[in-house]
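Everything below concerns the one structure shown next.
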Amino acid sequence: MASVNPFDLSDSEEEAERRPNETVDTERSPSDGAPGPPPGNLFSPPADAEPPTLLLSSNRTSPSGEGISVSVAATSAMAGSAEARVSVDVIAAQLLRDQYILTALEFHTELLEAGRELPRLRDYFSNPGNFERQSGTPPAKDQVLGPGGPLNRAGSISTLDSLDFARYSDDGNRESDERVAESEVASQERKNFKSSPEIQEPIRQLEKRALNFLVNEYLLKNEYKLSSITFSDENDDQDFELWDDVGLNIPKPPDLLHLYRNCGTPLPSPRDTVDVSVGVNFGDLPGNCIPQDPPKKPDLLQQQQTEVVQELEYQISLLNNEKQSLAEQIKKLQSEIQTLKRTVSSPPPATLDLCSQNTSNSSSNTTTSSTAPLSVPPTDNGQYLDIRGVSEPETELDPPSTQNTSHPHPQSHNKLKSRPPVKFDQPNRKLSPAFLQALLSFCRMCSDSRLGAEVSRIADSEESVMLMLGRCLPHIVPNVLLAKREELIPLILCTACLHPEPKERDQLLHILFNLIKRPDDEQRQMILTGCVAFARHVGPTRVEAELLPQCWEQINHKYPERRLLVAEACGALAPYLPKEIRSSLVLSMLQQMLAEDKADMVREAVVKSLGIIMGYIDDPDKYSQGFELMLLSLGDPSERVVSAVHQVFIPAFAAWTTELGTLHTTLIPSLLARIEKLLMQGEHGLDEHKLHVFLSALQSLIPPLFAVVLQNAPFTSRAKLDGDTPAIEVTRFPRPASPLQDVATIIGSREMLSALLLLYDHQLELEGTTGWDSLLWVVNQLLPQLIDIVSRINVTSSTCVHEFSRFFWRFCRTFGKIFTNTKVKPQFQEILRLSEENVDASAGNDILTKATVPIYATGVLTCYNQEEDRKLLVGFLEDVMTTLSLSHAPLDSLKASFVELGANPVYHELLLTVLWYGVVHTSALVRCTAARMFELLVKGVNETLVAQRVVPALITLSSDPEISVRISTIPAFGTIMETVTQKELLERVKMQLASFLEDPQYQDQHSLHMEIIRTFGRVGPNAEPRFRDEFVLPHLHKLALANNSQAVESKRIDIATQLFEAYSALSCCFISEEVMVNHFLPGLRCLRADMEQLSPEHEVILSSMIKECEIKVENRGMADAQGSMSIASSLVGEDAKTKFLSKMGQLTTSGAMLANVFQRKK
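Under our numbering, the residue at position 852 of the sequence shown is numbered 861, and the numbers go up by one with no gaps.
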């Protein structure tokens, strides 16, 4: 057998040399299948060998990246003698074609052991896509099966060779990449399908996951969001955000619509690179190498020929697609030529030395091509290390349009332009270029892959560095740990800023926003910092065109962390956007997220970003939209969102309205009008939540309103900053909710605020308010309207009283003590008319019964805590108590004042002073009022004050000559029994109550008995158990027994009603067996005796209670003691229990209503 010259060029190379203009420069994905024989292969046959038939399968290139021209003429030109040695590459191709996979694997192993790795076999076995075939697909008729049939791949085994790094391709297309096995298997399966269309294989797991992904994608694209959510829930083991989660080592296929429209037809490949492989036809191999098969039947031969024709037709369509792709690539490479021309000032010498010629990657790959004009940029041919100079094309092309990118620094350009071409010392030898090239090919280097091509090309300018980063980063990011991906942010941003291609920039920014699946707070801050740096560098136009679309894409992302990133980015980028976009697109995006997003933290970020937008917006027409956004966000159910509104949005919105001059003319009046409308609509039930929303907004507007007053004062122009300005007292202003509500921040500085405050106080005290329009509006319009609103709210609503009290407190503290004393207090005093000559003992003063009293006392008189202020507050409360008592007016306003002030321990001594004034007052009416006020005060006062101040005063009142005063002390005594734990105090109170019950002078005091029973029912469940068992229940038993003999029916039904309510409350307590038998059950039986005559409806419930108590007592005697019992929780029968609980909620102290309350349904 003839020897093989390993340095001869193959026929395909010779053909390529004859046609240098038809070559292409391509790259190959590391996941490709088996390649064709590379040019210059060491094992290619000699020129006179019998030519194998060239079968083009899939899109392949040789490892050098050169295309292989195939034609009928080329096939006929390769004819030779029958006696020839077949190369190992041809043998490998035949083995793979006939599916002798195990034989090919053994052959590959033997070659590796001999140190002769064959690229075809290496690439075939490193590509898992070659083993993705269906297990049940029958082979083609000419296909030879191994013992185990076609090889099947078990699952998706990810290795370094099978990982899909081509999702983000160099041209920005993330949907496809080069894979030989895909088209080979597709063509084979297409033939199999035609031959056996009836075969339907069960779906595999990977196929199911891939189809699930495509179906979910279809549902989302076509607005079937609910269906998509349900579908995702039913497949919770799959992440529909990432195609990689499917497990197939192939790029994401087109969507379902694309697949449907192209069903049964090959899809045109959008790839920019093409791979071509070379195979041999079985019948064309030399006879001395492959034994001849017996003659086949004509019909079988015809069938095989038909299949070959179909395959060739399919390959022709692939080549046509390849032609289109190559044309697009030529255009791209021409643009790169222009880029290189801009970075290199003068071309290298036209003629290169031998080494430069060998290493230059000309299109024809010959030693004479260095002087030919270039139509494509020079690249590495993959034969040996290529750290090279680049020859400039001689023909000038039209420069492409410049992009809006930043150019490298001129100094760097100067360095590049002045750098001389690199020269190497050449040996004084006479080796042929072909020999030298073959010799250097033994250097083990990998340039036949994407990464190898990148490594072999070293960037020689800033712009080429950007191009390299743009190509490499999409492949680097997926392989970096999630916890460390923020380290890539500077690299991604720098490349996105400086890259000349808009498509690549968009891809890089898309990677940035999708860098981390669920970024935490620190990672989001890092991404936002990068976005701001990017915006500062590129300007508003590119921010709008490149960054905002990334935000818009993720506005409805399923992860709240991603939506949170979008909301925060809108605020962070606001200063760098065009003003038209700020007030339209971004505002609309945030408004949509505020109304639709379900995550509290996202809406909170939206509100903060809206506040930032309000700080930059300058379109007055957007005021109404901003006002509606404020009301919408204030009504949010989340407290953190509402807090963000007060901290950020309202201050920013108020600052804008201040510039517009509408803060005190439009914004505040609009809120006041809504409050008044709410009060008019709420005559039968005020919506306290809405009132809180509007009033809290008004409260947040107090600091900016005061700033407006200072900035528009007559003295503003005289304010000067000098070193003598005193510092502002820490307590001068209420603590702001955020820095934006700090008056010093609004004014500009604390020094300027201090200077203005000095002039402000001087103006108010000495010079008056003439010409001071903003302050006059506050005094003459705002204050009267607020006082009128206060007089219309419900005084019994502690929530409303508290809200307005805090508002006036902040208002007075912000505007200062002089303003409060000279402008606020006089207006309240004029309305309240607290002078003694205006006290009408018969009719009283109507205004004193309204909420004006507690709000003035707690919101205005408590602003300052000096001695004269406390005296004024004490005097006001004493006058109110005296006036209301003497005029027999309701005490609700006084009670509201005591409740609001009693919540702060600072005012306990002051309130006790007021009550002692009532204790020693000459009028019994005032003493009665004081006694009732003690009941409100006891709960919040510490036990020391109760022992030293409260109990002595109550003991004094309990011995008052007037029986009404003594009765008025009973609720306070009961409250002490409920709240105090000191035994001495409890004994004193117990003795006093016992005197009321056991003293003969009180036996006929119906009102006293009513008050005691009412008090027992109120405090009994919470009182000390011993006090309840030994005192309360026995005396209730006595009262119930005495009521059986009451002659006056009205008194009897009043006592019975109060006893029923008391027993109902006490039935929920744990009662010992002894007390149950001796007092509780007898008392209930006495009460039932009254109710049988007075109210039969009550008798039903009482009978159920008695029966249940008796059962419990019997069970407790039969079994071990099981502790105390709860009667109400175990009433006999669900109907009785339900009826009892429902009726209890409707009980009233009026005996006349009992019949209606417990009336049976007919």
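For glycine and all other residues, C-beta sits at the position ideal for the given N, C-alpha and C.
| Item | Value |
| --- | --- |
| Extent of the continuous alpha helix (DSSP H) to which residue 969 belongs | Segment: none, residue 969 is in no alpha helix (DSSP H) and carries neither H nor E. |
| Which residues DSSP lists as bridging residue 346, in chain order | Its beta-bridge partners do not exist; DSSP assigns none. |
| Between the CA atoms of residue 861 and residue 796 - distance to the nearest angstrom | 7 Å |
| 8 Å Cβ cutoff, residue 689 in contact with chain D | Checking the listed chains, one finds no chain D in this structure; it contains a single protein chain. |
| The region 734-741 / the region 774-788 touching (three or more Cβ pairs under 8 Å) | no |
| Check whether residue 1096 and residue 1111 have beta carbons under 8 Å apart | yes |
| Buried/exposed call for residue 1107, threshold 16 Cβ in 10 Å | buried |
| CA-to-CA distance, residue 1017 to residue 1118, given in whole angstroms | 30 Å |
| Rounded straight-line distance, which links the Cα of residue 445 to that of residue 220 | 54 Å |
| Residue interval of the alpha helix (DSSP H) (run including residue 263) | Unbroken run through residue 263: none, as it is neither H nor E. |
| Selected residue, minimal CA-CA separation from residue 542, among 225, 503, 976 and 110 | 503 |
| At least three beta-carbon pairs within less than 8 Å, the region 1051-1068 to the region 1028-1039 | no |
| Nonlocal neighbours in the same chain, by C-beta distance under 7 Å from residue 249, ignoring five residues either side | 222, 225 and 241 |
| Proximity of residue 612 and residue 574 at Cβ, strictly below 8 Å | no |
| Neighbourhood of residue 729 by C-beta distance below 7 Å, restricted to the same chain and skipping five residues each side | 764 |
| 8 Å Cβ cutoff met for residue 653 and residue 617 | yes |
| At least 3 beta-carbon pairs within less than 8 Å: the region 574-588 vs the region 618-632 | yes |
| Pairwise C-alpha distance: residue 711 and residue 494 | 46 Å |
| Alpha helix (DSSP H) segment containing residue 225, residue limits | 214-230 |
| For residue 519, the nearest candidate out of 556, 339, 492 and 471 (CA to CA) | 556 |
| Residue nearest to residue 750 in terms of C-alpha spacing, selected from 988, 1010 and 655 | 655 |
| For residue 634 and residue 679, the rounded distance between their alpha carbons | 14 Å |
| For residue 745, the nearest candidate out of 802, 545 and 819 (CA to CA) | 819 |
| Runs of alpha helix (DSSP H) wholly within the region 1095-1127 (minimum 4 residues, chain order) | 1105-1127 |
| Contact check, residue 893 vs residue 938, beta carbons under 8 Å | yes |
| Residue environment, residue 239, which counts as buried when at least 16 other CB atoms sit within 10 Å | exposed |
| Spatial neighbours of residue 23 in its chain, beta-carbon cut-off 6 Å, leaving aside the 5 residues before and after | Note that residue 23 scores 39 on pLDDT, short of 50, meaning its location in the model is unreliable; the coordinates nonetheless yield the value given after this. Contacts found: none. |
| Inter-residue Cα distance where the pair is residue 769 and residue 719 | 7 Å |
| Inter-stretch contact at 8 Å, needing at least 3 Cβ pairs: the region 469-486 / the region 506-525 | yes |
| Contact check, residue 793 vs residue 836, beta carbons under 8 Å | yes |
| Residue 624 - DSSP class collapsed to helix/strand/coil | helix |
| Cα-Cα separation, residue 1183 to residue 1078 | There is no way to answer for residue 1183, as the model of the chain reaches only from 10 to 1171. |
| Residue 834 - containing alpha helix (DSSP H), residue span | 834-841 |
| Assigned secondary structure, residue 781 (DSSP; H/G/I helix, E/B strand, else coil) | coil |
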